[in-house]
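Enquirer: If you read the sequences in order, they're chains A and B. Under our numbering, the residues of the first sequence are numbered 2 to 206, in order. Under our numbering, the residues of the second sequence are numbered 2 to 206, in order. Yeah, the Cβ is synthetic: ideal placement off N, Cα and C, and Gly gets one too. All figures in this text were calculated on a predicted structure; none of them were measured in a lab. Provided herewith is a single structure, encoded as structure tokens, for subsequent inquiry.
There are 2 protein chains.
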Amino acid sequence: MTPLESPSRRELNKAATRESIVEATVQLARERGLGEFTVEDIADAAGVSRRTFFNYFSSADEALAAPTFGFLDAALERFRDRPRGEPLLESAIQILLALADNKLIEPMAQSFLVSHGHDPVTRFQLQAFDECSDKIVAAIREREGDTLDAIYVHSLAGCVMSCGKAALEVWLAERGGDLSPSSLSRLRELLVTSFEHLKSGFKTS
Amino acid sequence: MTPLESPSRRELNKAATRESIVEATVQLARERGLGEFTVEDIADAAGVSRRTFFNYFSSADEALAAPTFGFLDAALERFRDRPRGEPLLESAIQILLALADNKLIEPMAQSFLVSHGHDPVTRFQLQAFDECSDKIVAAIREREGDTLDAIYVHSLAGCVMSCGKAALEVWLAERGGDLSPSSLSRLRELLVTSFEHLKSGFKTS
DNA sequence: TCTCAAGTTTGCACTCAGTGCAAAGTTGCA
DNA sequence: TGCAACTTTGCACTGAGTGCAAACTTGAGA
């Protein structure tokens, strides 16, 4: 009922189980390669039953994409905390710059790298971005009321996600998930550049 | 070897088989609802064996998303035919305005409507948009050489797809797939508005 | 026209994903 | 302490997805 107030033992247990399933899945994917293990293997490695795995995730692919959902949920949470008057693109870039230093980026980068080119996992990651875009639309609505056109809000939310995703992809291609300070600083640079282009309407200056 | 020159009987047969599978799938989804039929049902309705279904598609969900892939492939083909000097956003809007009147939009609209809120199919549709974005990146590279930054090209391609997708989603929500001339004209209006916002950097004028 | 190589469909058998259900185990609260 | 609510597990079952080899179709040359 009050998951924010009281992380009860039950909730802690569930979170821990979930976490161990995700870790086991990523681990297996790194060791054996994608598609070279079964849900039973994951369950064994995570110390739960096969049936319990399916209580948490609908497939191994979904479990592999979990870090991406986690990262974007965190981003969205921060968006809700931004000051009301702040321009939307400003909120977005501030949040992403802060998150580029966050612990959450590591598991997401791992998950992207390990599942690169593997369509089933990629689809879940795309879904994470898409759901986040929808939630941004809802959050903007909350913040600004109904003063803005649906098409404006939807396009903007989609473009913000696209720019964030583009920066992430270019960074992963360039640095292969290196998490050193200089590499992360490059990620921030890519984010800034990408949003500059968005703000300027992609003029070829 | 020369699929464009000679649509041989073999190629025609394959295309027809593929088409009948997609039609059978959409039909079943409309009649019974998503998830209320098996691949065997589809195969029977399409007049092929279950095994043949899997020679064409990896799942019923993929078959349902086929029209989206088809639409975006057509869009991309047109992009490759645009004049070299034309600004990229101009190419995009011209192509989409033309396609908003094309036959291809109907099956895509159907497929979107029938699978609305059904995650597995949605994921395939998102993949279609994402792949198209990658192909746009490649096409821009071909057109402009390596004069542009990776982050510029990736962000731009992503934003173009986002704006197209946003217009489509708002239109479907407003009009529920009505394909009358006035409804299609509204779709074009949404596309134009969306791209105007993109070109102006989403200024709140 | 006949023939053969290459491409396509099909049936079969098999593994494993995913789910409903009920029994067993755990936690929260009075 | 004891009961109600929640979570895990085992079991059984349907159907997805795939490798393989046999049957069938098509294209092209003799």
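Applying the criterion that 16 or more other CB atoms from any shown protein chain within 10 Å of the CB defines a buried residue, is K15(B) buried or exposed?
Expert: Translated into positions along the second sequence, residue 15(B) becomes position 14. Label assigned to K15(B): exposed.
Enquirer: How would you list, in chain order, the residues of chain A whose beta-carbon sits under 8 Å from the beta-carbon of I152(B)?
Expert: What you label residue 152(B) is simply residue 151 of the second sequence in a count that begins at 1. Within chain A, the residues near I152(B) are A167, A168, V171, L191, T194, S195 and H198.
Enquirer: Specify the secondary structure class of H198(B) as computed by DSSP and reduced to three states.
Expert: Locating residue 198(B) in the second sequence gives position 197, where the first residue counts as 1. Three-state result, H198(B): helix.
Enquirer: Taking the C-alpha atoms as reference points, what is the distance between P8(B) and L97(B)?
Expert: Residue numbering aside, residue 8(B) sits at position 7 when the second sequence is read from its first letter. Residue numbering aside, residue 97(B) sits at position 96 when the second sequence is read from its first letter. P8(B) and L97(B): Cα-Cα distance of roughly 27 Å.
Enquirer: So L169(A) and S112(A) are supposed to be a Cβ contact under 8 Å. How far apart are they, rounded?
Expert: The residue you call residue 169(A) lines up with position 168 of the first sequence. The residue you call residue 112(A) lines up with position 111 of the first sequence. Not really, about 12 Å apart at Cβ, beyond 8 Å.
Enquirer: My understanding is that A1(A) touches A67(A), with C-beta atoms under 8 Å, so please give their C-beta distance in whole angstroms.
Expert: Lying before the first or after the last residue shown, residue 1(A) is absent from chain A, which here runs from 2 to 206.
Enquirer: Measuring only the C-alpha atoms, how far is T69(B) from A76(B)?
Expert: For the purposes of this step, residue 69(B) is taken as residue 68 along the second sequence, with counting starting at 1. For the purposes of this step, residue 76(B) is taken as residue 75 along the second sequence, with counting starting at 1. Near 11 Å, if we compare the C-alpha coordinates of A76(B) and T69(B).
Enquirer: Between G34(A), G86(A) and A17(A), which lies nearest to F285(A) when the distance is taken from Cα to Cα?
Expert: Since the first residue of chain A shown is 2 and the last is 206, residue 285(A) is not available in this structure.
Enquirer: Taking 7 Å as the threshold (beta carbon to beta carbon), is L157(A) in contact with chain B?
Expert: Along the first sequence, read from residue 1 onward, the residue named residue 157(A) stands at position 156. Interface residue, yes.
Enquirer: May I have the straight-line CA-CA distance separating D120(B) from A140(A), to the nearest angstrom?
Expert: Reading the second sequence from its first residue, position 119 is the one you call residue 120(B). Reading the first sequence from its first residue, position 139 is the one you call residue 140(A). Between D120(B) and A140(A), the C-alpha separation is close to 22 Å.
Enquirer: With D62(A) and V122(A) assumed to form a contact (beta carbons below 8 Å), what rounded beta-carbon distance in angstroms separates them?
Expert: Stepping through the first sequence from its first residue, residue 62(A) is reached at position 61. Stepping through the first sequence from its first residue, residue 122(A) is reached at position 121. Correct: roughly 5 Å between the Cβ atoms.
Enquirer: Is there a C-beta anywhere in chain A that falls below 7 Å from the one on D131(B)?
Expert: In the second sequence, counting from the first residue as 1, residue 131(B) sits at position 130. True, the Cβ-Cβ gap to chain A drops below 7 Å.
Enquirer: In chain B, which residues lie with their C-beta within 8 Å of the C-beta of F125(A)?
Expert: Position 124 of the first sequence, counted from the start, is the residue given in the question as residue 125(A). Per Cβ cutoff of 8 Å: R124.
Enquirer: In whole angstroms, what separates the C-alpha of E145(A) from that of A93(B)?
Expert: Here the question's residue 145(A) lines up with position 144 in the first sequence. Here the question's residue 93(B) lines up with position 92 in the second sequence. For E145(A) and A93(B), the distance between alpha carbons rounds to 30 Å.
Enquirer: Anything in chain B within Cβ reach of D74(A), meaning under 7 Å, just list it in chain order.
Expert: Here residue 74(A) refers to the residue found at position 73 when the first sequence is read from its first residue. Simply none; closest approach about 17 Å.
Enquirer: Rounded to a whole number of angstroms, what is the C-alpha to C-alpha distance between D45(B) and V23(B)?
Expert: What you label residue 45(B) is simply residue 44 of the second sequence in a count that begins at 1. What you label residue 23(B) is simply residue 22 of the second sequence in a count that begins at 1. C-alpha separation (whole angstroms): 13 Å.
Enquirer: Would you say F203(B) faces chain A, with C-beta separation under 7 Å as the test?
Expert: Locating residue 203(B) in the second sequence gives position 202, counting from the first residue. It does: the Cβ of F203(B) has a partner Cβ on chain A nearer than 7 Å.
Enquirer: In whole angstroms, what separates the C-alpha of R79(A) from that of F72(A)?
Expert: To locate residue 79(A), count along the first sequence from 1; it is residue 78. To locate residue 72(A), count along the first sequence from 1; it is residue 71. Approximately 11 Å, taken between the alpha carbons.
Enquirer: Could you check if A129(A) belongs to the surroundings of the ligand MN, using beta carbon to heavy atom distance under 6 Å?
Expert: Looking at this structure, you won't find the ligand MN or any other ligand, since it has none at all.
Enquirer: Count the other CB atoms within 10 Å of the CB of A167(B); is the residue buried (16 or more) or exposed (fewer)?
Expert: Locating residue 167(B) in the second sequence gives position 166, counting from the first residue. Here A167(B) is buried. Its C-beta has 16 or more other C-beta atoms within 10 Å.
Enquirer: Any residues in the region 90-114 of chain A with a beta carbon nearer than 8 Å to a beta carbon of chain B? Which ones, in chain order?
Expert: L90
Enquirer: Looking at C-alpha atoms only, which residue of A174(B), L199(B), R11(B) and E143(B) is the closest neighbour of P84(B)?
Expert: Your numbering for residue 84(B) matches position 83 in the second sequence. Per the Cα distances, E143(B).
Enquirer: Less than 7 Å between the C-beta atoms of V171(B) and I152(A), yes or no?
Expert: Start at 1 with the first residue of the second sequence, and residue 171(B) comes out as number 170. Start at 1 with the first residue of the first sequence, and residue 152(A) comes out as number 151. Cβ atoms of V171(B) and I152(A): closer than 7 Å.
Enquirer: Could you compute how far the alpha carbon of P88(B) sits from the alpha carbon of L157(B)?
Expert: Your numbering for residue 88(B) matches position 87 in the second sequence. Your numbering for residue 157(B) matches position 156 in the second sequence. Their Cα atoms are separated by approximately 12 Å.
Enquirer: Can you check whether the CB of G178(A) is closer than 7 Å to the CB of L90(A)?
Expert: Residue mapping note: residue 90(A) aligns to position 89 of the first sequence, counting from 1. Residue mapping note: residue 178(A) aligns to position 177 of the first sequence, counting from 1. No, Cβ-Cβ distance for L90(A) and G178(A) is not below 7 Å.
Enquirer: Would you identify the three-state DSSP class for E170(B), choosing helix, strand or coil?
Expert: Reading the second sequence from its first residue, position 169 is the one you call residue 170(B). If DSSP states are grouped into helix, strand and coil, E170(B) belongs with the helices.
Enquirer: Note down, in chain order, each residue of its chain lying with its Cβ closer than 6 Å to the Cβ of S21(A), except the 5 sequence neighbours on either side.
Expert: Residue mapping note: residue 21(A) aligns to position 20 of the first sequence, counting from 1. Cβ neighbours of S21(A) beyond the five flanking positions: A47.
Enquirer: Determine the extent of the alpha helix (DSSP H) in which R31(A) is found, giving its start and end residues.
Expert: Position 30 of the first sequence, counted from the start, is the residue given in the question as residue 31(A). Where R31(A) is concerned, the enclosing alpha helix (DSSP H) stretches over R10 to R33.
Enquirer: Could you tell me the distance, in whole angstroms, from the CA atom of D102(A) to the CA atom of L180(A)?
Expert: If you number the first sequence from 1, residue 102(A) lands on position 101. If you number the first sequence from 1, residue 180(A) lands on position 179. Computed Cα separation, rounded: 9 Å.
Enquirer: What residues from chain A crowd round D120(B), counting only those whose CB sits closer than 7 Å?
Expert: Reading the second sequence from its first residue, position 119 is the one you call residue 120(B). What D120(B) touches in chain A: Q128.
Enquirer: Between E163(A) and chain B, is any beta-carbon pair separated by less than 7 Å?
Expert: Start at 1 with the first residue of the first sequence, and residue 163(A) comes out as number 162. Per the sequence shown, the amino acid found at residue 163(A) is Ser instead of Glu. Yes, its Cβ sits closer than 7 Å to a Cβ of chain B.
Enquirer: What are the start and end residues of the alpha helix (DSSP H) that includes V49(A)?
Expert: Within the first sequence, the letter at position 48 stands for residue 49(A). Neither: V49(A) is in no alpha helix (DSSP H) and is coded neither H nor E.
Enquirer: According to the neighbour-count rule (16 or more other Cβ atoms, all chains shown, within 10 Å of its Cβ), is D131(B) buried or exposed?
Expert: Translated into the one-based positions of the second sequence, residue 131(B) becomes position 130. Classification for D131(B): buried.
Enquirer: Do you know offhand how far V193(B)'s Cα is from V161(A)'s?
Expert: Counting from one through the second sequence, the residue named residue 193(B) turns up at place 192. Counting from one through the first sequence, the residue named residue 161(A) turns up at place 160. If you take the alpha carbons of V193(B) and V161(A), they lie about 19 Å apart.
Enquirer: Would a check of beta-carbon distances place R187(A) closer than 7 Å to chain B?
Expert: Taking the first sequence and counting its residues from 1, one reaches residue 187(A) at position 186. No, no contact with chain B.
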